[in-house]
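Each remark here refers to the structure printed beneath this line.
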């Protein structure tokens, strides 16, 4: 049990993420020092850095989704806190009192300016206890090197995360309504609502280091995974249609359109010359002025036959996909599951659950 104290507590902290954090911090801090030195005329061999940048780098590269690691949090938090520290040191000459007052006022200033950043406390403390170099810089210290370091580090972080295909600055991706109406997406009209999250946060009366929209996305994914787990025995091969109508990719658009109408279906799988799934078309794609199906086919949603059927919920409720093609390892079509199939299955499961509860 004692070893649990040494288990990382960050959710989703994979080895890849940690390695990226190490590489990003190494590059970010080194280049920030060099660029700051060049910008102030000190030369490339002078690493002009303040200590709080090390802590900022931890947040920026290790937890880029944290609200505490966003650009304004880093730049504003460090700079405003350093200004608070220098100001307190100017008026309060007892280092003990000045230290406590500087950190406390820095937290207040960051809270009111919406740029809370833990290393800001260190920046405020540096403004008080930084020694002769900080004293000689005076009120220039919050701007050079603190603000300069922060701006360069954030810029390098943005470029690094772009190359690593990370979402930074972090913005929680909203679940869009594909029909262009004001209604929320189908998956957000059931289960908990945003006001339930607000009520829960109020009841817990604690501050959490996660964006509220990210929290909602996480909870909805937890809800989905719980549904999949509770009905894991029901597989795609158990409910899929097996007599699948498809069309070759070189078929003419008119032929594919007629297939959709004749069979009263909304999604038509497209196969290549080797009978492997190449894509899918619906009436929307077939309205374009082209000759063959291959020119307009879209990517088909797919799943393996042993995939839990309920795991298709996100795909079949996104407002765009009407069917998922069940394929083997070589992408040969084995079956098809439509929204109607999944709805009928969900209704059957719900009925079974109610009977089981009544018994």
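In my numbering, the protein residues as written are 999 to 1357.
Quick reminder that beta carbons are idealized off the backbone N, C-alpha and C, glycines included.
Computed from a predicted structure; not experimentally measured.
(message) Check whether the region 1079 to 1099 and the region 1119 to 1126 are in contact - that is, three or more C-beta pairs closer than 8 Å.
(response) Cβ pair count under 8 Å is three or more, so yes.
(message) What does the Cβ neighbour count give for residue 1198, buried or exposed, with the cut at 16 atoms within 10 Å?
(response) Here residue 1198 refers to the residue found at position 200 of the chain shown. Exposed is the call here.
(message) So, does the region 1019 to 1031 touch the region 1054 to 1063, judging by three or more C-beta pairs under 8 Å?
(response) With a cut-off of 8 Å, the region 1054 to 1063 and the region 1019 to 1031 count as touching, because enough Cβ pairs lie within range.
(message) Using a 10 Å radius around the Cβ and a threshold of 16 neighbouring Cβ atoms, would you call residue 958 buried or exposed?
(response) The shown model of the chain, from 999 to 1357, leaves out residue 958, and the question about it has no answer.
(request) Give me the Cα-Cα distance between residue 1202 and residue 1214, rounded to the nearest whole angstrom. (result) For the purposes of this step, residue 1202 is identified with residue 204 of the chain shown, where counting begins at 1. For the purposes of this step, residue 1214 is identified with residue 216 of the chain shown, where counting begins at 1. Residue 1202 and residue 1214 have their C-alpha atoms some 16 Å from each other.
(message) Rounding to the nearest angstrom, what Cα-Cα distance links residue 1108 and residue 1119 in this structure?
(response) Within the chain shown, residue 1108 is the residue found at index 110, counting from 1. Within the chain shown, residue 1119 is the residue found at index 121, counting from 1. Spanning the two alpha carbons is a distance of roughly 10 Å.
(request) Drop a sphere of 10 angstroms on the beta-carbon of residue 1095, count the other beta-carbons inside from all chains shown, and report buried for 16 or more, exposed for fewer. (result) One-based indexing of the chain shown puts residue 1095 at position 97. Residue 1095 sits exposed, since fewer than 16 C-beta atoms from the chains shown fall within 10 Å of its C-beta.
(request) With a threshold of 16 other CB atoms inside 10 Å of the CB of residue 1340, please say whether the residue is buried or exposed. (result) Here residue 1340 refers to the residue found at position 342 when the chain shown is read from its first residue. The residue is buried, with at least 16 neighbouring Cβ atoms inside 10 Å.
(request) Check each candidate in 1227, 1015, 1090 and 1071 and name the one with the smallest Cα separation from residue 1164. (result) Taking the chain shown and counting its residues from 1, one reaches residue 1164 at position 166. Relative to the Cα of residue 1164, the nearest Cα in the group 1227, 1015, 1090 and 1071 belongs to 1015.
(message) Suppose the cutoff is 6 Å on Cβ atoms and the five residues either side in sequence are ignored; what does the same chain contact list for residue 1033 look like?
(response) Taking the chain shown and counting its residues from 1, the one referred to as residue 1033 is at position 35. Setting aside the 5 residues that flank it on each side, residue 1033 is surrounded in the same chain by 1150, each with a C-beta closer than 6 Å to its C-beta; the list follows chain order.
(message) Rounded to the nearest angstrom, what separates residue 1343 and residue 1194 at their Cα positions?
(response) Numbered from 1 along the chain shown, position 345 holds the residue referred to as residue 1343. Numbered from 1 along the chain shown, position 196 holds the residue referred to as residue 1194. Straight across, the Cα-Cα distance linking residue 1343 with residue 1194 is about 29 Å.
(request) Identify which residue in 1050, 1067 and 1130 has its Cα closest to the Cα of residue 1087. (result) By one-based count along the chain shown, residue 1087 stands at place 89. When only C-alpha atoms are compared, the closest one is 1130.
(request) Can you tell me which of 1011, 1248, 1189 and 1252 puts its alpha carbon nearest to the alpha carbon of residue 1222? (result) Numbered from its first residue, the chain shown carries residue 1222 at position 224. The residue with the shortest Cα to Cα distance from residue 1222 is 1189.
(message) If you follow the beta strand (DSSP E) that residue 1363 is in, where does it begin and where does it stop?
(response) The requested residue 1363 is not part of the displayed model; the chain covers only 999 to 1357.
(message) I want to know whether the region 1307 to 1318 touches the region 1267 to 1281 - three or more CB-CB distances under 8 Å.
(response) With fewer than three CB-CB distances shorter than 8 Å, the region 1307 to 1318 does not count as touching the region 1267 to 1281.
(request) Please go through the same chain and pick out, in chain order, the residues whose beta-carbon is closer than 7 Å to the beta-carbon of residue 1140, but skip the five residues on each side of it. (result) For the purposes of this step, residue 1140 is taken as the residue at position 142 of the chain shown. Closer than 7 Å at the Cβ level, and outside the excluded window around residue 1140, lie 1077, 1080, 1081 and 1084.
(request) Measure the beta-carbon distance from residue 1053 to residue 1031 and round it to whole angstroms, keeping in mind my assumption that it falls under 8 Å. (result) If you number the chain shown from 1, residue 1053 lands on position 55. If you number the chain shown from 1, residue 1031 lands on position 33. Actually they are not in contact, since the Cβ atoms of residue 1053 and residue 1031 sit about 15 Å apart, beyond 8 Å.
(request) Taking residue 1324 and residue 1334 to be in contact with their CB atoms under 8 Å, please state how far apart those CB atoms are, rounded to whole angstroms. (result) Walking along the chain shown from the start, residue 1324 turns up at place 326. Walking along the chain shown from the start, residue 1334 turns up at place 336. For a cut-off of 8 Å, the C-beta gap from residue 1324 to residue 1334 is around 7 Å, short enough to register as a contact.
(request) Look at residue 1023 and residue 1067 and say whether their C-beta atoms are less than 8 Å apart. (result) Looking up residue 1023 in the chain shown gives position 25. Looking up residue 1067 in the chain shown gives position 69. Between residue 1023 and residue 1067, the C-beta gap is not smaller than 8 Å, which leaves the two residues out of contact.
(request) Could you check the C-alpha separation between residue 1232 and residue 1332 for me, to the nearest Å? (result) Within the chain shown, numbered from 1, the residue matching residue 1232 stands at position 234. Within the chain shown, numbered from 1, the residue matching residue 1332 stands at position 334. Near 17 Å, if we compare the C-alpha coordinates of residue 1332 and residue 1232.
(request) Return helix, strand or coil for residue 1013, following the three-state DSSP convention. (result) Mapped onto the chain shown, residue 1013 falls at position 15. The answer is helix: DSSP assigns residue 1013 an H, G or I state.
(message) Between the alpha carbons of residue 1069 and residue 1242, how many angstroms are there, rounded?
(response) Numbered from 1 along the chain shown, position 71 holds the residue referred to as residue 1069. Numbered from 1 along the chain shown, position 244 holds the residue referred to as residue 1242. Cα to Cα, residue 1069 sits roughly 51 Å from residue 1242.
(request) Sort out for me which residues DSSP pairs residue 1052 with in a bridge. (result) For the purposes of this step, residue 1052 is identified with residue 54 of the chain shown, where counting begins at 1. Paired residues: none, contrary to the question.
(message) Helix, strand or coil for residue 1267? Go by DSSP, reduced to three states.
(response) Residue numbering aside, residue 1267 sits at position 269 when the chain shown is read from its first letter. In the displayed model, residue 1267 falls within a strand according to three-state DSSP.
(request) Look up residue 1330 in the DSSP assignment and give the residues it is bridged to. (result) Position 332 of the chain shown, counted from the first residue, corresponds to residue 1330. Beta-bridge pairing links residue 1330 to 1274.
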